[in-house]
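Chemist: Protein chains in written order, with full-length UniProt numbering: chain A, 1 to 185; chain B, 1 to 185.
Every residue, glycine too, gets a C-beta built ideally from N, C-alpha and C.
2 protein chains.
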Amino acid sequence: MSARERVIGAALDLFAENGVSGTSLQMIADRLGVTKAAVYHQFPTKEEIVLTAIAPAMDRLVALAESTAGQRGRPARVRHAIAGVVDLVVDYRRLSAVLSFDPVVIQLVRPHPAMRAVESLLDMIAGPDPDPATRIGVTMVSGGLITAGTDPHLAKMDDEALRSLLTASALRLLGVRPARADQKQ
Amino acid sequence: MSARERVIGAALDLFAENGVSGTSLQMIADRLGVTKAAVYHQFPTKEEIVLTAIAPAMDRLVALAESTAGQRGRPARVRHAIAGVVDLVVDYRRLSAVLSFDPVVIQLVRPHPAMRAVESLLDMIAGPDPDPATRIGVTMVSGGLITAGTDPHLAKMDDEALRSLLTASALRLLGVRPARADQKQ
DNA sequence: GTCTATAAGAAGATAGAC
DNA sequence: GTCTATCTTCTTATAGAC
């Protein structure tokens, strides 16, 4: 594992524990057993560390928005989008809430092209001309999914079980019938 | 308005904008047009400011847990609890997500007696011996409600409309029929 | 209640040696 | 890639005058 990857790994662990604002370069360096200067050799600023750390998730959101747009019919689109978002939040369980609702991260990520993808994803889930009840449903689902990883009750649940339960719950709230097993994916 | 109240008011505004970790005593003082020392005259530490700022919400959670326990039957309990939580998150629209998912706040609030109330509230909503699907539903609902205030699409919605839509959405996800108008409250 | 002044430390960041 | 050393700025917090 390269030094860059080690920095990102330590940063992600610490972000999950202390939040982005609560994580200093000193803490990252300490966890790796090196000095701050060694970290600064890999990344010019703390902002770059944050952006690099979340880049894989951002890329997945962009890809998901594109593949969702390729689905025909709203039910298929919603199922596809929810499956992708659920995969993402399960993989980022401990991080998604901490990253999604930290004002520092929000400001940092606002100009990122992936945010357009998130917008279009939400729009596709809501469907054309959504009424307020539908909009609220989409908001509830996205908030619920993002925060699902923070619940201590769910910490011991394995990924596969969490995935299927979150998917079922989200589709139910959105009023979309789950995919039959043979047409899944 | 007393000086203490002015400090708390400024702090809440700034917490909503910048998060708790992103808000310094200097920022609070600047917003009030006074010096840091004037703020320190009102509160011994920053922690005290945070705890005092969120105390009213904590008190409401404790009261809600008590009154919910007094309801007979799970549907009535769920309706009562959801109504109370929705009232709270609507009143704290811009703050609830920032406060609920900031690791600094979580650590600070963990020993607070109100957290017992939150636990019991979630348990009452889940009902006795909840299966995993129900537990996930409760998690989704609480996460969805807490984060509802952060959605820019909902910012322009008035409190009454937001309240009724969130209530309907939450009860639907929990599988509880909404209260009839004549038995509401 | 508010002020000036200041301490003591941690933050992000840089220079330059090895 | 990592180090020591340093700079600047910001943080929480205190002392004491008005």
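Quick one: which residues of the region 132-161 of chain A get their C-beta closer than 8 Å to a C-beta of chain B? List them in chain order.
Modeler: Answer in chain order: P132, A133, R135, I136, G137, T139, M140, V141, S142, G143, G144, L145, I146, T147, A148, T150, D151, H153, L154, M157, A161.
Chemist: Should the region 163-173 of chain A be called in touch with the region 112-120 of chain A, which here means at least 3 C-beta pairs below 8 Å?
Modeler: Not touching, per the Cβ criterion.
Chemist: Along the chain, where does the alpha helix (DSSP H) containing H80(A) start, and where does it finish?
Modeler: Element bounds for H80(A): 74-91.
Chemist: Which residues of the region 96-111 of chain B have a Cβ closer than 7 Å to any Cβ of chain A? Give them in chain order.
Modeler: The region 96-111 of chain B vs chain A, Cβ under 7 Å: A97, V98, F101, D102, P103, V104.
Chemist: Give me, in chain order, the residues of the same chain whose beta-carbon lies closer than 6 Å to that of Q185(A); leave out the 5 immediate sequence neighbours on both sides.
Modeler: Reliability fails at Q185(A), whose pLDDT of 49 lies under 50, so the model's placement of it is uncertain and the value that follows must be treated cautiously. Once the five neighbours on either side are set aside, Q185(A) has no close Cβ partner at all.
Chemist: Is the region 93-100 of chain B touching the region 147-162 of chain B, taking contact as three or more C-beta pairs under 8 Å?
Modeler: These segments touch.
Chemist: Hey, could you find the ends of the alpha helix (DSSP H) R94(B) is sitting in?
Modeler: Where R94(B) is concerned, there is no enclosing alpha helix (DSSP H), given that its DSSP letter is neither H nor E.
Chemist: Please go through the same chain and pick out, in chain order, the residues whose beta-carbon is closer than 6 Å to the beta-carbon of L64(B), but skip the five residues on each side of it.
Modeler: Here the set comprises G84.
Chemist: Evaluate M1(B) with the Cβ neighbour count: other Cβ atoms within 10 Å of its Cβ, from every protein chain shown; 16 or more gives buried, anything less gives exposed.
Modeler: With fewer than 16 Cβ atoms within 10 Å of its Cβ, M1(B) is classed as exposed.
Chemist: For the alpha helix (DSSP H) containing T52(B), name the first residue and the last one.
Modeler: Here the alpha helix (DSSP H) through T52(B) covers 46-69.
Chemist: Quick check on the DSSP output: the alpha helix (DSSP H) that includes A117(A) runs from which residue to which?
Modeler: From DSSP, the alpha helix (DSSP H) with A117(A) extends over 114-126.
Chemist: What is the residue span of the alpha helix (DSSP H) that A11(A) lies within?
Modeler: Unbroken alpha helix (DSSP H) run through A11(A): 3-18.
Chemist: From this set, S21(A), E47(A), A126(A), A10(A), which residue's C-alpha is nearest G73(A)'s C-alpha?
Modeler: Of the listed residues, the one whose Cα sits closest to G73(A) is A126(A).
Chemist: Please classify G144(B): is it buried, with 16 or more other beta-carbons within 10 angstroms of its beta-carbon, or exposed?
Modeler: Buried: at least 16 other Cβ atoms inside 10 Å.
Chemist: Please report how far the alpha carbon of H80(B) lies from the alpha carbon of T68(B), in whole angstroms.
Modeler: The alpha-carbon atoms of H80(B) and T68(B) are separated by roughly 6 Å.
Chemist: Under 8 Å between C-beta atoms, does A168(B) make it to chain A?
Modeler: Judged by the 8 Å Cβ criterion, A168(B) is in contact with chain A.
Chemist: Determine the contact status of A168(A) and P178(A), defining contact as a CB-CB distance below 8 Å.
Modeler: Yes, they are a contact pair.
Chemist: Give the C-beta separation of V90(B) and D159(B) to the nearest angstrom, bearing in mind that I take them to be a contact with Cβ-Cβ under 8 Å.
Modeler: Yes, they are in contact, since the Cβ atoms of V90(B) and D159(B) sit about 5 Å apart, within 8 Å.
Chemist: With H, G and I counted as helix, E and B as strand and the rest as coil, what does DSSP make of P178(A)?
Modeler: Of the three classes helix, strand and coil, the one that applies to P178(A) here is coil, per DSSP.
Chemist: In whole angstroms, what separates the C-alpha of A38(A) from that of Q42(B)?
Modeler: Computed Cα separation, rounded: 42 Å.
Chemist: Identify which residue in V86(B), P103(B), A76(B), L174(B) has its Cα closest to the Cα of R180(B).
Modeler: Considering only alpha carbons, the answer is A76(B).
Chemist: Based on Cα-Cα distance, which residue from I49(B), P44(B), T134(B), V34(B) lies nearest to I12(B)?
Modeler: Note that residue 12(B) is Leu in the sequence shown here, rather than Ile. The candidate whose alpha carbon is nearest that of L12(B) is I49(B).
Chemist: Assuming L61(A) and L121(A) form a contact by the criterion Cβ under 8 Å, report the distance between their Cβ atoms to the nearest whole angstrom.
Modeler: About 7 Å; that satisfies the 8 Å criterion.
Chemist: Under a Cβ-count criterion, where at least 16 other Cβ atoms within 10 Å of its own Cβ denotes burial, should D123(A) be classed as buried or exposed?
Modeler: Looking at its Cβ environment, which holds fewer than 16 other Cβ atoms inside 10 Å, D123(A) is exposed.
Chemist: Run down chain A in chain order and give the residues with a C-beta less than 7 Å from the C-beta of S21(B).
Modeler: Within chain A, the residues near S21(B) are G19, S21, G22.
Chemist: Please classify G70(B): is it buried, with 16 or more other beta-carbons within 10 angstroms of its beta-carbon, or exposed?
Modeler: Result: exposed.
Chemist: Can you list the residues of chain B that V172(A) reaches, using a CB-CB cut of under 8 Å?
Modeler: A small fix is needed here, since residue 172(A) is Arg in this sequence, not Val. Under the 8 Å cutoff, chain B gives L173.
Chemist: Roughly how many angstroms lie between the CA atoms of R172(A) and M58(A), to the nearest whole one?
Modeler: Rounded to whole angstroms, R172(A) to M58(A) spans 26 Å at the Cα level.
Chemist: When you compare each of V34(A), A10(A), T35(A), G33(A) to T23(A) by their alpha carbons, which one comes out closest?
Modeler: Closest by alpha carbon: A10(A).
Chemist: Does L25(B) get closer than 8 Å to chain A when you measure Cβ to Cβ?
Modeler: Taking Cβ atoms only, chain A never reaches closer than 8 Å to L25(B), which makes this a no.
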